[in-house]
Structure formats: C-alpha cells, structure tokens
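Q: Dropping a structure here in structure tokens format, bear with me for questions.
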Amino acid sequence: MLLPVIMAGGTGSRLWPMSRELYPKQFLRLYGQNSMLQETITRLSGLEIHEPMVICNEEHRFLVAEQLRQLNKLSNNIILEPVGRNTAPAIALAALQATRHGDDPLMLVLAADHIINNQPVFHDAIRVAEQYADEGHLVTFGIVPNAPETGYGYIQRGVALTDSAHTPYQVARFVEKPDRERAEAYLASGEYYWNSGMFMFRAKKYLSELAKFRPDILEACQAAVNAADNGSDFISIPHDIFCECPDESVDYAVMEKTADAVVVGLDADWSDVGSWSALWEVSPKDGQGNVLSGDAWVHNSENCYINSDEKLVAAIGVENL
Numbered sequence: 001m002l003l004p005v006i007m008a009g010g011t012g013s014r015l016w017p018m019s020r021e022l023y024p025k026q027f028l029r030l031y032g033q034n035s036m037l038q039e040t041i042t043r044l045s046g047l048e049i050h051e052p053m054v055i056c057n058e059e060h061r062f063l064v065a066e067q068l069r070q071l072n073k074l075s076n077n078i079i080l081e082p083v084g085r086n087t088a089p090a091i092a093l094a095a096l097q098a099t100r101h102g103d104d105p106l107m108l109v110l111a112a113d114h115i116i117n118n119q120p121v122f123h124d125a126i127r128v129a130e131q132y133a134d135e136g137h138l139v140t141f142g143i144v145p146n147a148p149e150t151g152y153g154y155i156q157r158g159v160a161l162t163d164s165a166h167t168p169y170q171v172a173r174f175v176e177k178p179d180r181e182r183a184e185a186y187l188a189s190g191e192y193y194w195n196s197g198m199f200m201f202r203a204k205k206y207l208s209e210l211a212k213f214r215p216d217i218l219e220a221c222q223a224a225v226n227a228a229d230n231g232s233d234f235i236s237i238p239h240d241i242f243c244e245c246p247d248e249s250v251d252y253a254v255m256e257k258t259a260d261a262v263v264v265g266l267d268a269d270w271s272d273v274g275s276w277s278a279l280w281e282v283s284p285k286d287g288q289g290n291v292l293s294g295d296a297w298v299h300n301s302e303n304c305y306i307n308s309d310e311k312l313v314a315a316i317g318v319e320n321l
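So for the sequence shown, UniProt numbering puts the first residue at 1; every next one is plus one.
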C-alpha cells in the first residue's frame with residue numbers, strides 16, 4: 001500500500017488576494033467542489049493507500065484537521081512544521097515518522113495545490129512508478145509539456161527502461177527554469193518533461209540517499225523527530241531544533257545527485273495553478289471563454305475569470321479580466 005505524503009506548507013502568494021498567508025490556496029475551493037487539499041486526497045480514490053500524512057505550517061493545523069475530518073480522513077498523521085525549510089527536510093520528517101516502528105512504506109509525495117484532471121491516467125502512472133520505487137529507485141513524475149513554459153524546471157530523460165504507455169526513463173539531468181529560446185528547444189526535442197515536484201520512493205531509500213548526500217539535513221530532522229510532541233491530534237516539531245535545519249529542495253539535496261532517479265511521464269491535464277491566468281486556463285469556460293464561480297453575471301464579456309462566494313459580481317463589456 002502507498003503512503004500519500006502531502007506537502008501543504010506553501011503560501012500561494014501569487015493568487016492574492018484570495019490566497020493569503022493565513023489562508024493559502026491549498027485550503028481554498030478554487031477548482032471543483034472541495035478545497036485543493038481535499039481534491040488532492042480524493043484524487044487517490046481507487047488506489048490502495050494508507051491514511052494520508054500531511055505536512056503543514058503550525059498556524060494551519062486546524063484548517064488541515066477540519067478539511068481532513070470533512071473527508072473522514074482525519075488521523076494523527078499531521079506533521080506541524082514550526083518554520084519552512086523546503087521540501088528535502090519536509091519529506092525527511094515524513095520518512096522518519098513513517099519508519100519509527102520499523103515500517104518502510106512506499107511514499108507517494110504530492111503537493112496539496114496541484115490540479116490533475118485526468119485521474120485514470122494519473123493512476124496508471126502511479127502504478128508504473130510503484131514497480132520501480134519498489135525496486136529501489138527514486139521516481140519523479142515528469143509532466144509532458146504542451147508549451148515552451150519558462151516558469152518550470154525541466155527534467156531531461158535518459159535511457160528507456162521499458163516500452164509501455166508510461167515508459168519510465170533514467171533521469172539524464174534536472175534543468176533550471178529556462179529562457180524562452182531554450183524552452184522552445186526543449187519542447188521541440190521531445191526529451192524533456194516539466195518538473196512536477198511529485199515523487200515516489202521507499203521511505204528508507206530516501207533516508208539512505210539523504211544520508212549520503214546531505215547528512216546535515218538528515219541529522220537535524222532526526223533530532224527534530226526524536227524530540228517531537230506526538231500528541232493525540234498532531235505531530236509537533238520543536239522550533240529550536242528544526243530551525244537549525246538547512247533549507248534545501250529535494251531536487252538539489254537528493255534527486256540531482258542520486259544514481260537511482262527514474263522519471264515517469266505524466267500527460268494528465270496537470271497544472272500547479274501558479275497564477276490567475278493558469279487557473280483560468282484549466283477551468284471550464286462558457287462560450288465566450290469566461291470562467292464563472294459563485295454569484296457572477298456577465299454580458300458582452302470575453303475571457304474573464306470571476307470568482308465570488310458572497311456578493312454579486314457583474315461584468316459588462318469586459319475582456320481579459
């Protein structure tokens with residue numbers, strides 16, 4: 001069975017004013033009937049999974065608990081970070097917590113604020129990834145690009161490991177966010193994926209690779225987990241210990257260095273919803289290209305995104321708003 005590890009610690013500042021520091025986008029109902037965190041969890045329905053483990057900021061603990069309760073998924077698997085230290089330490093906290101009693105689960109690491117519209121294709125990619133993660137690989141999901149996007153990092157694929165609908169490849173290299181010309185070359189080559197920030201690996205495999213490449217991060221996280229308050233509702237990481245942990249992404253700390261990285265392509269109508277325009281692009285539209293949510297009314301308007309939960313918002317003769 002898979003252990004979903006959901007990283008819910010972002011601030012979502014690019015979707016201000018709806019997304020705010022105390023109520024960031026992963027807890028908002030921006031797409032679908034549930035919050036983005038809830039959609040991330042319900043998207044896994046049909047897979048054999050453990051209760052999800054959620055990593056979030058301390059100040060969001062009650063938001064997370066309530067949203068999990070609404071899905072009947074509330075457990076004591078909510079890890080509270082006192083300060084943000086990026087994805088490598090966050091995943092290390094989850095892996096250390098998951099292996100405390102000798103278990104070694106397959107961890108499916110997901111962001112809480114992504115949209116994936118094609119659930120069957122997503123599940124197929126997960127099943128392919130399971131085979132390779134179970135064999136000791138660190139799997140990353142690469143998004144099949146449909147545009148020369150300059151806002152994402154890229155993953156260049158290497159040697160194909162099999163021939164299937166979701167052919168996995170060895171990772172040749174990770175690439176920083178490119179300029180427009182380089183992004184167009186990546187797209188034309190067919191050898192590159194967008195870096196989704198989603199992963200799958202055995203908990204102990206991740207910890208062993210972290211020990212190899214960034215023992216300082218592992219040491220700090222181990223000390224923090226050892227001193228954590230494992231209460232009935234939350235796992236509280238102590239501030240005085242965790243604040244000493246280096247700030248590092250999982251890509252820099254492990255994935256770019258390991259010899260066991262594998263990429264599985266994913267073409268499932270994915271978006272990280274990093275801007276209002278990105279949310280407009282993935283949302284259902286009316287005949288004039290408008291996305292309307294809540295109490296909204298338009299006349300003679302095109303290509304607008306209007307979201308109102310309370311007061312009526314009307315648009316007359318408006319374009320591209």
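Note that the Cβ used here is the ideal one computed from N, Cα and C, for glycine as well.
Where does the unbroken alpha helix (DSSP H) through M36 begin, and where does it stop?
A: Start and end: M36 to T42.
Q: Should Q288 go down as buried or exposed, given a rule of 16 or more other Cβ atoms within 10 Å for buried?
A: Answer is exposed; the Cβ neighbour count stays below 16.
Q: Under DSSP, the alpha helix (DSSP H) around D259 begins and ends at which residues?
A: The sequence given here places Ala at residue 259; Asp does not occur at that position. From DSSP, A259 is part of no alpha helix (DSSP H); its letter is neither H nor E.
Q: Please work out which residues of its chain come closer than 6 Å, Cβ to Cβ, to S271, disregarding the five sequence neighbours upstream and downstream, and give them in chain order.
A: Closer than 6 Å at Cβ, skipping near neighbours: I115, A278 and V282.
Q: Grab me the residues of V36's own chain with a C-beta within less than 7 Å of its C-beta, minus the 5 sequence neighbours each way, in chain order.
A: Checking the displayed sequence, the identity of residue 36 turns out to be Met instead of Val. Same-chain partners within the cutoff: K25, Q26, L28, L30, A112 and D113.
Q: Would you call the segment 184-201 and the segment 130-142 in contact, with 3 or more CB pairs under 8 Å?
A: As far as the Cβ criterion goes, the segment 184-201 touches the segment 130-142, which means the pair count is three or higher.
Q: What does DSSP give as the partner residues of H239 in its beta bridges?
A: The partner list for H239 (beta bridge, DSSP) is empty, contrary to what the question assumes.
Q: Under 8 Å by Cβ, that's how I've got I55 and V121 pegged, so tell me the actual separation to the nearest angstrom.
A: About 26 Å; that fails the 8 Å criterion.
Q: Within the chosen definition, does the segment 212-224 reach the segment 181-188 through at least 3 CB pairs nearer than 8 Å?
A: No, the segment 212-224 does not touch the segment 181-188.
Q: Check each candidate in H299, V262 and A296 and name the one with the smallest Cα separation from E130.
A: Answer by Cα proximity: V262.
Q: With DSSP collapsed to three states, give me the class of D295.
A: Note: D295 maps to strand in three-state DSSP.
Q: Report yes if the CB atom of V250 is closer than 9 Å to the CB atom of T87, and no otherwise.
A: Yes, the pair counts as a contact, with Cβ atoms nearer than the cut-off.
Q: Let me know if N77 comes out buried or exposed under the rule of 16 or more other beta-carbons within 10 Å of its beta-carbon.
A: N77 should be labelled buried.
Q: In or out: H101 buried (at least 16 other Cβ within 10 Å) or exposed?
A: Under this definition H101 is an exposed residue.
Q: Within 10 angstroms of its Cβ, does residue 326 collect 16 or more other Cβ (buried), or is it exposed?
A: Since the first residue of the chain shown is 1 and the last is 321, residue 326 is not available in this structure.
Q: Look up W280 in the DSSP assignment and say whether it is helix, strand or coil.
A: The answer is helix: DSSP assigns W280 an H, G or I state.
Q: On the three-state DSSP scale, how would you describe L96?
A: Three-state DSSP puts L96 in a helix.
Q: Would I41 and L68 qualify as a contact pair, given that the criterion is a beta-carbon distance under 9 Å?
A: Yes, the Cβ-Cβ distance between I41 and L68 is below 9 Å.
Q: What is the residue span of the beta strand (DSSP E) that K311 lies within?
A: That run of the beta strand (DSSP E) goes Y305 to I316.
Q: Do I235 and I91 have their CB atoms nearer than 9 Å?
A: Not closer than 9 Å, so no.
Q: Between V313, A211, T99 and V171, which has its C-alpha nearest H137's C-alpha?
A: Looking at the Cα atoms, V171 is the closest of the given residues.
Q: Going by C-alpha distance, which of N290, Y305 and S301 is nearest S275?
A: That would be Y305, whose Cα lies nearest to the Cα of S275.
Q: Would you check if the distance between the CB atom of E39 and the CB atom of G46 is smaller than 9 Å?
A: Cβ atoms of E39 and G46: not closer than 9 Å.
Q: Anyone know if the C-beta pair for D260 and E209 falls short of 9 Å?
A: It is a contact, given that the beta carbons lie within the stated cut-off.
Q: Kindly list the residues whose CB is nearer than 6 Å to the CB of R14, restricted to its own chain and excluding five residues on each side of it in sequence; keep chain order.
A: Counting only Cβ-Cβ distances below 6 Å, and skipping sequence neighbours, we find G274 and S275.
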